[in-house]
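Chains as they are written, first to last, in the working numbering: chain B, 1 to 486; chain L, 1001 to 1486.
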């Protein structure tokens, strides 16, 4: 036993998340310590070997006992189409359905084209409705038709309803399976109902009390377990609950789940009828996606739901090119300003040498401010009404920083013999103006974007640094041409 | 009733997260629709009014029925010390303890200094151990002593143990309260145990089976509820579970909880004894903190756990200055390169005008690549072993982008009369080199940082753009001085 633990620890020290937390087998529960015994891990290489050797039966068993669907989907991404279909067919239908939900859209299309109608039907039956809808949203129309034909009438109606919610709305990520109780039920009856309907884990931990389909209260399973069985639901239900609407942004709903530490949030429609729940596991994925989206936008990349490697070169180019083109052409303005000081540069060409340092420092100052404000907006700490408060803070920060940078840079210029005291002073003044402008522009633009309904993240580094370049160069040449009378 | 719903909807449309999902009162449960009736919201202004009017009893009642601790902590941040202590003393001790855990360290210190020993003892008693440890980690030594004196002997031993886990480790965020079962128990006995120990919500939904303190299995509450009561835990327990170690990074543990959609992850110590669990609500907060930290570092700001407004101007300056100073001084290199081409600039001063556009585009290209790679590393999609795969992808993207940018820019130069075809061609070649260098440097540095144990996020925009500035300017002047024989 200590051998296994040692192995676990060794793996852990290698800090390889994927391996160290791999589940152990539970094949033979009658042998007391069996599940702690040494056991070969089911890696990509091992699966390929077993496929090669046609050990399908062993592979099927291993896949069932020794693999999580989310990990398998990762591994299958590396496989070719034939291998993918082969392994998928070995899976028990529950595992198949769950693995399917974790795949990217290319893999899904391969499988949908390869599977027979009856196989497809089995997978669709096992999938949760919210996952089915996610799959359908990404598929071309002919595939959608085929998938819908593989579901029964009732499910089809529900799917069509879910498909109507706007993308990224709470309605589009919610789960329609939840436990609904009535106020007059006793605790014993409620527990009986949970036993009967079952469902998956997250969905039973909070039960919802409805009346004429309207949400009127909620009861934790914990409450049910720790209360006298003869009490009624009405006596123990919490009517003081949080809820969201189907049209809420998924990020807002996920933020509420995070803020209040909930397991699930009930969702009501425009008539305030309870229609589903958003569970904490989906909320975590939504928040991850949104953070990735924000970070991409902040770097001037159009966000995509695909992963880095899942995106083709052409798609990468398409998502990166627009901002680069826009910013490159905006830089024409800087160039025009500099060209108008051509004669000054001909007389004092060393003036050009300070330009990258000034614009670089300005860009960095601006991106610090814009990034902190964008993040503050994203986590709900900063709002548009804080505009003046933010500007006042940034101005004070900018003044302190600009004095320090100007002095350090001035000393450097004199020590390195790049200019005299007059030059050091002039650059210092420009530096101070640049820092203050950059910080104010950097903190203001994201707030304005938010106010006018744009994503604040587009106001990050690339745009800010281009704007700051323009202002820095204008200020710089205005100051130097005045001081040195060029 | 429809009035209240309309109000809710109106609030929702204003998209003010804090308000719209405010809980409704449950003061009088005997009145059927009471909790849906119109009711004034408990805002900051309202609390201040009630304090002013000395309506302490009404305020106490409102605070109990109409306010979540996390929201109250937000509101209290705006209050002065006297008001803070006054409101805090009105809270029931459970609410007081929970509100306390959501406060920032300044507010906590004010309260600790204002409360009597017995009041402090009550708060400490109600707090979960992991929260107590968080509080203690931030307090000066004399306050820690006073807090520890307010706890009983047993708790003190546990706290001291938790305090020894490294900051940001799983041990430091875990909850030591969980339900431990024995394998020979029946389902009925297990449910009885849950009834007896109770604890808070998240901690009961998965129960852990231990033997000689070692973790040997887990059982979902759902399993307990839907199985025959006479079965033993051994028969239904899942031995194929995930777990973490006390020394694991909190981000890794939170990532596992997100990836596998768990409610809680059991944590074992170096002897593999079960010592606690990390719950999904804490995991969400950890992931939020880590995302904020990454974003701050990527903007060249030293991360802090405090919020934007919770950080003083001096602290903001301290966290932003180091990178700005470093990058400003690095820009000296660019300046030295440009100065060495002083005579060329004197002859063709218009060459300087292209510098901001070239360095700007290079910086933006580099930051796109570095940001996508840093995020890929953070969510576990990209690893160091993917280095060549990433470079190959970025090179192909860079070549496509550079051709488009060079052509567009060349046409622009000729059209705007900023140069002849030769100039357009020269700038185009420089542009292409810049884009390719920027993309390769941008994608490589974060991977190398990860490999040598640094945070990849430090390799983001500010550093990349400074490096790209240097290489762009070297390449640019080398090319133009060759082409135009300067």
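Backbone N, C-alpha and C define an ideal beta-carbon position, used for all residues, glycine too.
Consult DSSP for residue 175 of chain B and reduce its assignment to one of helix, strand or coil.
strand
When you compare the segment 229-242 of chain B with the segment 157-175 of chain B, are there three or more beta-carbon pairs, one atom per stretch, that lie closer than 8 angstroms?
no
Here's the rule: buried if 16 or more other CB atoms are within 10 angstroms of the residue's CB, otherwise exposed. What is residue 1116 of chain L?
exposed
What does DSSP give as the partner residues of residue 1244 of chain L in its beta bridges?
L:1267
Just curious, the alpha helix (DSSP H) that residue 1042 of chain L is in, first and last residue?
Premise fails: residue 1042 of chain L is in no alpha helix (DSSP H) and is neither H nor E.
Could you confirm whether any beta carbon from chain L is found closer than 9 angstroms to the beta carbon of residue 83 of chain B?
no
When you compare the CB of residue 459 of chain B with every CB in chain L, is at least one pair closer than 9 angstroms?
no
So, is the C-beta of residue 107 of chain B closer than 9 angstroms to a C-beta in chain L?
no
Grab me the residues of residue 479 of chain B's own chain with a C-beta within less than 7 angstroms of its C-beta, minus the 5 sequence neighbours each way, in chain order.
426, 429, 430
Could you please tell me which residues of the segment 1282-1300 of chain L, in chain order, have their CB closer than 9 angstroms to any CB of chain B?
1282, 1283, 1284, 1285, 1287, 1288, 1291, 1292, 1294, 1295, 1296, 1298, 1299, 1300
Nearest-angstrom beta carbon gap, residue 331 of chain B and residue 469 of chain B [assumed within contact, 8 angstroms]
7 angstroms
Return yes when the Cβ of residue 1462 of chain L is within less than 9 angstroms of the Cβ of residue 1327 of chain L, no when it is not.
yes
Taking residue 132 of chain B and residue 139 of chain B to be in contact with their CB atoms under 8 angstroms, please state how far apart those CB atoms are, rounded to whole angstroms.
Rounded, the Cβ-Cβ distance is 11 angstroms, inconsistent with contact.
Quick one: any contact between the segment 430-440 of chain B and the segment 359-373 of chain B, if contact means 3 or more CB pairs under 8 angstroms?
yes
Local conformation of residue 211 of chain B per DSSP, three classes:
strand
Using the Cα positions of residue 283 of chain B and residue 175 of chain B, report the straight-line distance between them to the nearest angstrom.
11 angstroms
Would you call residue 1415 of chain L buried or exposed, if buried means 16 or more other Cβ atoms sit within 10 Å of its Cβ?
exposed
Of the residues that make up the segment 1380-1399 of chain L, which ones have a beta carbon closer than 7 angstroms to any beta carbon in chain C?
Protein chains in the displayed structure are B and L, and chain C is not among them.
In angstroms, rounded to a whole number, what distance separates the CA positions of residue 265 of chain B and residue 154 of chain B?
25 angstroms
Spatial neighbours of residue 1103 of chain L within its chain, please: CB distance less than 8 angstroms, with the 5 preceding and 5 following residues excluded, ordered by chain position.
1073, 1076, 1077, 1111
Which residues bound the beta strand (DSSP E) around residue 279 of chain B?
274-279
I want to verify the contact list: residues of chain L whose CB lies under 8 angstroms from the CB of residue 208 of chain B, in sequence order.
In chain order: nothing, as chain L lies at least about 15 angstroms away.
Would you mind sorting residue 1392 of chain L into buried or exposed? The rule is 16 or more other CB atoms within 10 Å of its CB.
exposed
Meets three-Cβ-pair contact criterion under 8 angstroms: the segment 338-354 of chain B and the segment 1330-1349 of chain L:
yes
Tell me whether residue 1107 of chain L is buried or exposed, calling it buried when 16 or more other Cβ atoms sit within 10 Å of its Cβ.
buried
Assuming residue 369 of chain B and residue 394 of chain B make a contact with CB atoms under 8 angstroms, what is their CB distance in whole Å?
5 angstroms
Between which two residues does the alpha helix (DSSP H) holding residue 193 of chain B run?
187-197
What does a CB cutoff of less than 6 angstroms around residue 1387 of chain L pick up in its chain, not counting 5 residues either side in sequence?
1447
Looking at chain L, is there any beta carbon in it that lies within less than 9 angstroms of the beta carbon of residue 334 of chain B?
yes
Using 9 angstroms as the threshold, is the C-beta distance between residue 1195 of chain L and residue 1233 of chain L below it?
no
Under 9 angstroms between C-beta atoms, does residue 1267 of chain L make it to chain B?
no
Closest Cβ-Cβ distance between residue 981 of chain L and chain B: below 9 angstroms?
In the structure as shown, chain L begins at 1001 and stops at 1486. Residue 981 of chain L is therefore absent and cannot be evaluated.
At a CB-CB cut-off below 7 angstroms, which residues of chain L make contact with residue 328 of chain B?
1357, 1361, 1405, 1409
Where the alpha helix (DSSP H) through residue 1399 of chain L begins and ends:
1387-1415
Check whether the segment 301-321 of chain B touches the segment 1288-1303 of chain L, taking contact to mean three or more Cβ pairs, one atom from each stretch, closer than 8 angstroms.
no
Of the choices L:1324, L:1086, L:1070, whose alpha-carbon is the least far from that of residue 403 of chain B?
L:1324
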